[in-house]
Amino acid sequence: MARRPASTLLFDGSEWNFATLSRTYDAIEAIAIGEMGLDVYPNQIEIISSEQMLDAYSSVGMPLMYQHWSFGKRFVFESQLYQKGYRGLAYELVINSNPCITYLMEENTMPMQALVTAHAAFGHNHFFKNNYLFRQWTDAGAILGYMDFAKKYIAKCEERHGLNAVEEILDSAHALQDHGVFHYRRPPRLSSEKVTERARERLEYEEQTYSDLWRTLPTAGGSSGIEEVEREALERKKALNLPEENLLYFLEKHSLILEPWQREILRIVRVIAQYFYPQSQTKVMNEGCATFVHYSIINRLFDQGKLSEGAMLELLASHANVVFQPGFDNSRFYGLNPYALGFAMMQDIERICTMPTEEDRDWFPTIAGNGNSMGTLIDAWENHRDESFILQYLSPAVIRKFRLFRLADRAANKFCEVTSIHDERGYSAVRAALARNYDPVANRPDIQVVDVDLLGDRQLRLKHVIKNGILLEESNRDATLAHISRLWGYEVSLAGIDASTGKVLYECSSTGA
Amino acid sequence: MPNFIDRRLNPKDRSLGNRQRFLKRVHEELKRTIRDQIKSDKIIDVDAAHGVPIPKRGADEPSFQHSRTSGERHHVLPGNETFSPGDRLKKPETGAGGGRAGPGRGENTDDFVFALSREEVLDLFFEDLELPDMVKLSLRETVSYKSHRVGFSTVGTPSNINVGRTMRNSFGRRMALRRPSEKEFQALADEIAALEREEQPSPQQRHRLLHLREELEVIERRRRRIAYVDPVDVRFNRFERQPLPNASAVMFCLMDVSASMGEREKDLAKRFFVLLHLFLKRRYERIDIVFIRHTDEAREVDEETFFFSKQSGGTVVSTALEEMLRVIEDRYPSNLWNIYAAQASDGDNANGDSERCAELLRGSLMRLCQYYAYVEIIDERESEIFGSTDNGTSLWRAYRTVDSAVPNFQMTRVARPADIYPVFRKLFARHQPVQLRR
Chain A
1 MARRPASTLL FDGSEWNFAT LSRTYDAIEA IAIGEMGLDV YPNQIEIISS EQMLDAYSSV
61 GMPLMYQHWS FGKRFVFESQ LYQKGYRGLA YELVINSNPC ITYLMEENTM PMQALVTAHA
121 AFGHNHFFKN NYLFRQWTDA GAILGYMDFA KKYIAKCEER HGLNAVEEIL DSAHALQDHG
181 VFHYRRPPRL SSEKVTERAR ERLEYEEQTY SDLWRTLPTA GGSSGIEEVE REALERKKAL
241 NLPEENLLYF LEKHSLILEP WQREILRIVR VIAQYFYPQS QTKVMNEGCA TFVHYSIINR
301 LFDQGKLSEG AMLELLASHA NVVFQPGFDN SRFYGLNPYA LGFAMMQDIE RICTMPTEED
361 RDWFPTIAGN GNSMGTLIDA WENHRDESFI LQYLSPAVIR KFRLFRLADR AANKFCEVTS
421 IHDERGYSAV RAALARNYDP VANRPDIQVV DVDLLGDRQL RLKHVIKNGI LLEESNRDAT
481 LAHISRLWGY EVSLAGIDAS TGKVLYECSS TGA
Chain B
1 MPNFIDRRLN PKDRSLGNRQ RFLKRVHEEL KRTIRDQIKS DKIIDVDAAH GVPIPKRGAD
61 EPSFQHSRTS GERHHVLPGN ETFSPGDRLK KPETGAGGGR AGPGRGENTD DFVFALSREE
121 VLDLFFEDLE LPDMVKLSLR ETVSYKSHRV GFSTVGTPSN INVGRTMRNS FGRRMALRRP
181 SEKEFQALAD EIAALEREEQ PSPQQRHRLL HLREELEVIE RRRRRIAYVD PVDVRFNRFE
241 RQPLPNASAV MFCLMDVSAS MGEREKDLAK RFFVLLHLFL KRRYERIDIV FIRHTDEARE
301 VDEETFFFSK QSGGTVVSTA LEEMLRVIED RYPSNLWNIY AAQASDGDNA NGDSERCAEL
361 LRGSLMRLCQ YYAYVEIIDE RESEIFGSTD NGTSLWRAYR TVDSAVPNFQ MTRVARPADI
421 YPVFRKLFAR HQPVQLRR
């Protein structure tokens with residue numbers, strides 16, 4: 001075996017220091033930007049220890065986070081898993097912000113640092129900057145400033161209104177986190193700090209100058225009666241913009257009992273939930289993209305003679321672990337591994353573009369053999385989320401590779417039925433079913449505010465549209481309803497209505513505390 | 001070139017505040033767990049970190065979740081080996097289909113245990129006992145150590161390098177390996193320089209110069225190869241932490257285990273013993289605990305038996321005191337040991353024995369003991385009747401005479417955990433000039 005001249009190696013051995021990190025970063029950047037054509041936010045790379053990684057875990061990965069006991073619970077849980085050795089820590093953590101912050105663990109070896117730099121600082125970073133969901137729904141430039149504001153604001157509220165009062169609101173808001181997201185319309189951009197500052201000052205001014213007297217003034221046309229009132233109610237309902245699927249937004253704007261600071265806290269929880277919304281929809285694509293990028297880059301580095309064979313071997317072993325997909329009957333099976341699926345699909349796209357088979361030409365006439373794999377991938381990364389990506393690009397070859405099969409599971413039956421497997425007749429059905437499993441709309445209970453009788457008992461009416469007969473877990477449902485009624489102040493009722501038949505399957509309610 | 005930031009020196013405990021909030025949230029639940037654990041733990045184990053299961057109540061985070069037992073789903077799973085369409089699989093008993101729920105919100109935390117630190121355990125333990133803050137502070141204090149120099153070691157921090165010893169090793173090694181000295185090197189170099197200055201060197205001189213240069217090269221190579229100070233020479237001062245000299249103490253736990261002592265009485269007694277032990281632990285490096293239980297006869301037993309095994313019979317308290325005297329004579333000479341005793345009883349005693357007990361205490365035991373604490377565990381209803389009167393059981397009345405005669409004897413009636421502390425008040429108020437009496 002020909003020995004490469006040692007001088008071209010970026011590093012030797014497993015120890016790292018800032019000089020090797022920086023040299024390696026430059027080499028990776030040259031490949032990522034120059035050869036692959038990735039487009040990234042400026043990078044900020046931070047080295048942290050394992051304790052700090054645990055800290056970051058428990059505060060949902062954000063460098064700044066307000067304080068709440070549930071993060072403490074998560075911290076206790078994660079650190080226990082880690083200390084008992086049930087679970088390792090991630091090698092890196094990356095934040096969708098501008099500049100893009102990547103945390104590297106100090107325990108990583110130098111080859112691992114190279115791998116995670118390529119993975120996070122270029123793979124994830126490119127995806128954050130270019131994917132349409134992230135571009136439309138999150139504001140990478142403003143998030144850190146907003147988190148800073150949120151943390152300080154909540155700390156200030158705790159000072160003024162007491163820990164318990166703030167904790168109550170946060171508990172209730174957290175219960176509705178998943179229903180604090182605009183799924184279909186783009187949320188307003190985070191206003192700049194100055195604007196929020198001004199809005200808050202205005203609220204504080206209103207609070208100070210509020211006088212209960214004004215409320216008691218009689219209305220002008222006192223006698224014109226009930227019609228007027230009804231018309232007003234209709235108008236009000238229209239103004240409420242019902243039905244509304246963003247429960248937190250609705251409560252923030254229209255709750256009858258909340259004080260301004262409580263509304264602001266709901267807003268904070270809502271904004272953070274919204275920020276994470278694209279991440280939950282792009283798990284396969286995001287990880288697939290990052291894995292594909294790191295795999296391409298380390299191979300290229302090796303070809304250039306910048307990685308030693310030892311380092312390459314370590315990285316390949318680690319890469320193989322990441323994209324490991326045990327079968328459904330394996331004891332290590334925890335569902336489809338997004339790294340494995342994403343990476344396999346993207347490698348497959350590369351193959352289809354460069355070396356298509358007859359089958360590929362049938363299935364993907366537009367991209368098969370176009371010879372431009374990088375362009376095709378960059379386009380896919382930009383314009384898809386998991387659901388549409390799988391629907392568009394999952395090829396028979398990948399279905400065969402994973403030996404995917406579709407299993408119908410009806411609660412009433414004592415058995416599950418295999419409905420399709422990886423054969424000619426099954427490809428489309430497997431693909432459609434898998435895509436649907438990644439559709440957030442299908443996996444999240446669809447609950448909307450439909451009516452509020454503001455003039456009567458002020459009952460807040462919610463509707464759960466039941467799809468495929470999937471009901472809600474009852475104890476959780478009742479506890480969550482109690483939280484809603486705490487925020488609403490009056491009775492809250494929830495009706496479960498079957499999507500296909502329109503029949504009411506259940507009704508329940510919770511009265512305000 | 002990216003922006004590299006080294007965050008490793010930033011504070012690590014960002015989650016500490018959250019952890020404390022979590023503990024506060026589940027406080028009641030934790031308190032119950034800790035109390036149950038202390039009941040079954042050994043006395044000496046109370047003062048340590050504990051593992052407790054994460055309480056479910058108060059720490060759940062509800063949200064709307066799909067029920068797993070209704071409706072119709074289509075799973076897509078990898079790894080099909082044998083199935084073809086139409087095959088039916090029996091469902092496992094719990095859960096649906098193949099997919100298992102990953103960890104996340106609402107995860108099952110039933111069998112999940114986390115560790116409370118010693119401080120947190122003590123806090124929960126003290127809460128019931130209503131100790132004054134000063135006392136809590138001094139109980140939580142750990143023993144101080146002092147570092148003593150003890151010899152040398154081959155590992156250590158640079159600040160502890162012993163230069164003298166290191167250089168001596170280096171010198172010895174250099175001699176043994178014949179490392180050319182600076183002087184030799186210099187002499188050669190000088191001679192070469194002198195020869196080089198020669199304008200017209202003779203052939204011998206030229207030959208000599210060549211020879212000298214070779215020699216110099218050998219010397220140089222040798223000096224390079226044999227380091228002046230090699231890692232094997234380096235010696236560090238070794239320090240050992242030694243506890244500050246302290247005498248040893250022995251703690252006697254005396255308890256009446258006749259049938260009249262129920263679960264509640266034993267629990268209170270245990271807390272009483274634990275508190276004394278915590279106190280002793282703060283002051284003494286070595287503590288032995290001797291458990292003596294008695295009915296109408298007394299025996300030294302292990303802790304397990306002491307608290308948990310039942311014995312029937314009458315009650316003769318003096319037997320326990322005699323047994324204690326025997327053990328002291330046997331193993332714990334009072335000139336070497338600080339002797340502390342704690343006695344718990346419900347006050348029952350055989351006729352006429354109480355006087356004998358008081359006699360034993362006054363006559364011999366109290367001269368040996370540093371401190372003797374007696375608690376009489378009574379019913380909560382009785383506590384109002386007996387309040388502070390001198391009336392009571394015969395044992396109580398007999399001990400009153402000891403109490404008034406001997407300064408380091410303390411006694412109290414206990415109905416609730418909060419009543420226990422007063423009996424120790426004098427121990428903890430040790431440095432105060434005024435002696436507090438109940």
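Just so you know, the sequences run in chain order A and B. Under full-length UniProt numbering, the first sequence has 311 at position 311, and the numbering climbs by one with no breaks. Under full-length UniProt numbering, the second sequence has 201 at position 201, and the numbering climbs by one with no breaks. We treat Cβ as the ideally placed atom computed from N, Cα and C, and that holds for glycine.
I'd like to confirm the pairing. Which residues does DSSP put opposite residue i in its beta bridges?
i: Gly-496 of chain A; result: A:His-464, A:Tyr-506
i: Leu-345 of chain B; result: According to the sequence provided, residue 345 of chain B is Ser. The question's Leu does not apply to it. Ser-345 of chain B pairs with B:Glu-376.
i: Gln-448 of chain A; result: A:Lys-463
i: Leu-77 of chain B; result: A:Phe-405
i: Ile-101 of chain A; result: A:Gln-44, A:Ile-95
i: residue 442 of chain B; result: Nothing about residue 442 of chain B can be read from this structure; chain B reaches only from 1 to 438.
By alpha-carbon positions, which one of the options ends up nearest to residue i?
i: Phe-4 of chain B; options: A:Asp-55, A:Ser-79, A:Gln-113, A:Gly-61; result: A:Gln-113
i: Leu-144 of chain A; options: A:Tyr-103, A:His-124, A:Asn-98; result: A:Asn-98
i: His-75 of chain B; options: A:Val-430, A:Glu-35, A:Glu-491; result: A:Val-430
i: Glu-350 of chain A; options: A:Asn-299, A:Phe-292, A:Tyr-277; result: A:Phe-292
i: His-27 of chain B; options: B:Phe-125, B:Ser-67, B:Pro-92, B:Lys-91; result: B:Phe-125
i: Asp-348 of chain B; options: B:Asn-338, B:Arg-264, B:Phe-152, B:Ala-398; result: B:Ala-398
i: Lys-281 of chain B; options: B:Ala-48, B:Gln-20, B:Arg-293, B:Tyr-374; result: B:Ala-48
i: Asn-125 of chain A; options: A:Val-323, A:Ile-45, A:Gly-371; result: A:Ile-45
i: Ala-150 of chain A; options: A:Phe-389, A:Ala-344, A:Lys-463, A:Met-62; result: A:Met-62
i: residue 514 of chain A; options: A:Ser-59, A:His-254, A:Lys-306; result: Only positions 1 to 513 of chain A appear in the structure, and residue 514 of chain A is not among them; the question remains open.
i: Leu-203 of chain A; options: A:Gln-262, A:Tyr-490, A:Glu-244; result: A:Gln-262
Quick one: is residue i buried, meaning 16 or more other Cβ sit within 10 Å of its Cβ, or exposed?
i: Asn-80 of chain B; result: buried
i: Arg-100 of chain B; result: At Arg-100 of chain B, the pLDDT of 39 sits below 50, so the modelled position is not reliable and the matter cannot be decided from this model.
i: Asp-233 of chain B; result: buried
i: residue 458 of chain B; result: Limits of chain B in this structure are 1 at one end and 438 at the other, which puts residue 458 of chain B out of reach.
i: Gly-363 of chain B; result: exposed
i: Ser-500 of chain A; result: exposed
i: Met-355 of chain A; result: exposed
i: Val-290 of chain B; result: buried
i: Glu-287 of chain A; result: buried
i: Ile-257 of chain A; result: exposed
i: Ala-120 of chain A; result: buried
i: His-148 of chain B; result: exposed
i: Thr-69 of chain B; result: exposed
i: Ser-308 of chain A; result: buried
i: Lys-152 of chain A; result: exposed
Any beta-carbon of chain B closer than 8 Å to the one on residue i?
i: Asn-98 of chain A; result: no
i: Trp-137 of chain A; result: no
i: Lys-414 of chain A; result: yes
i: Pro-243 of chain A; result: no
i: Ala-495 of chain A; result: no
i: Ala-513 of chain A; result: Here Ala-513 of chain A scores only 48 on pLDDT, less than 50, and its place in the model is too uncertain to base an answer on.
i: Trp-16 of chain A; result: no
Any C-beta of chain A sitting closer than 8 Å to the C-beta of residue i?
i: Ile-5 of chain B; result: yes
i: Glu-72 of chain B; result: yes
i: His-50 of chain B; result: no
i: His-66 of chain B; result: yes
i: Leu-188 of chain B; result: no
i: Pro-231 of chain B; result: no
i: Ser-354 of chain B; result: no
i: Arg-118 of chain B; result: no
Using only the heavy atoms of the ligand FAD, determine whether one of them is closer than 7 Å to the beta carbon of residue i.
i: Ile-31 of chain A; result: Absence of the ligand FAD is noted for the structure shown, with no ligands found whatsoever.
Would residue i pass as an interface residue toward chain E - the criterion being a Cβ-Cβ separation below 8 Å?
i: Lys-31 of chain B; result: Of the protein chains in this structure, namely A and B, none is chain E.
Members of the region 289-307 of chain A near chain B, C-beta cut-off 9 Å | Of all residues in the region 289-307 of chain A, none has a C-beta nearer than 9 Å to a C-beta of chain B.
Contact list for the region 387-404 of chain A against chain B, Cβ threshold 8 Å = Taking a C-beta cut-off of 8 Å against chain B, the contacting residues of the region 387-404 of chain A are Phe-402, Arg-403, Leu-404, listed in chain order.
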